[in-house]
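The working numbering puts the first residue of the sequence shown at 1, with every later residue one more than the last.
Glycine residues also receive a C-beta, built at the ideal position from the N, C-alpha and C atoms.
What follows is one structure encoded as structure tokens, with my remarks underneath.
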Amino acid sequence: MAHWIQFSYERNEYLVNLASIRFFARDSSQRISFWLPDSAMPVVLVPQDHPTAYRQVMEFIDRLPDANADCYWVNLVYDRRQYTINLKTIRAFSRSANGRLVFWLPDNGQDMVLHPELNAEAYHLVNDYITKCITGPGAIDPLMGN
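Now the structure itself:
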């Protein structure tokens, strides 16, 4: 379901459907970052500069479902940031011999390297998703989004 917000950012006016954003990143300084769909352009909102847009994005993130037909949202802590990621938008996962999981965030290409001991909680969330995609009843096809 579409969730449009309008805001000014770097001298431009944006109208963005938050439901089309594939991931959000938050850090300890209260910045929210997201990438416009199919773009290498990040948007970074801080409450002091963009109070309304910041509040709207935070409310949207707080209301995200864990999973539905179109999305599989998870919250991961990685590299001192809180990521909210729709795993259904990830196009490739890699697992190394030592158990590390690697995937690349859509739109910005950042790699996320999760080790089962160093990033235990995030690792298990992603690994559970992969297991559901491959073996679960009514298996999810992450490449087809169903």
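Exercise for the section: Measure the CB-CB distance between PHE34 and ILE21 and report whether it falls below 8 Å. Expected result: yes
Problem - Among VAL77, ILE134 and VAL126, nearest to ASN102 - alpha-carbon criterion - result: Note on residue identity: the sequence assigns Val, not Asn, to residue 102. Selected option, being the one with the closest Cα: VAL126.
Problem - Pairwise C-alpha distance: PRO106 and ILE130 - result: 17 Å
Exercise for the section: Take the Cβ of GLN30 as the centre, count every other Cβ of all protein chains shown within 10 Å, and call the residue buried at 16 or more, exposed below. Expected result: Exposed, because fewer than 16 other Cβ atoms sit within 10 Å of the Cβ of GLN30.
Practice task
Grab me the residues of TYR14's own chain with a C-beta within less than 6 Å of its C-beta, minus the 5 sequence neighbours each way, in chain order.
Solution key: Taking TYR14 as the centre and dropping the five residues before and after it, the same chain places the C-beta of PHE7 closer than 6 Å to its C-beta, in chain order.
Handout entry: Rounded C-alpha distance that separates VAL46 from GLN56
Key = 12 Å
Practice task
Take ILE134 as the anchor and find which of LEU76, HIS115 and PHE93 has the nearest alpha-carbon.
Solution key: Answer by Cα proximity: PHE93.
Exercise for the section: With DSSP collapsed to three states, give me the class of TYR123. Expected result: helix
Practice task
Give a yes or no on whether the C-beta atoms belonging to PHE24 and ILE61 are separated by under 8 Å.
Solution key: It is a contact, given that the beta carbons lie within the stated cut-off.
Exercise for the section: Would you list the one or two residues that DSSP bridges to ARG26? Expected result: ILE32 and GLN82
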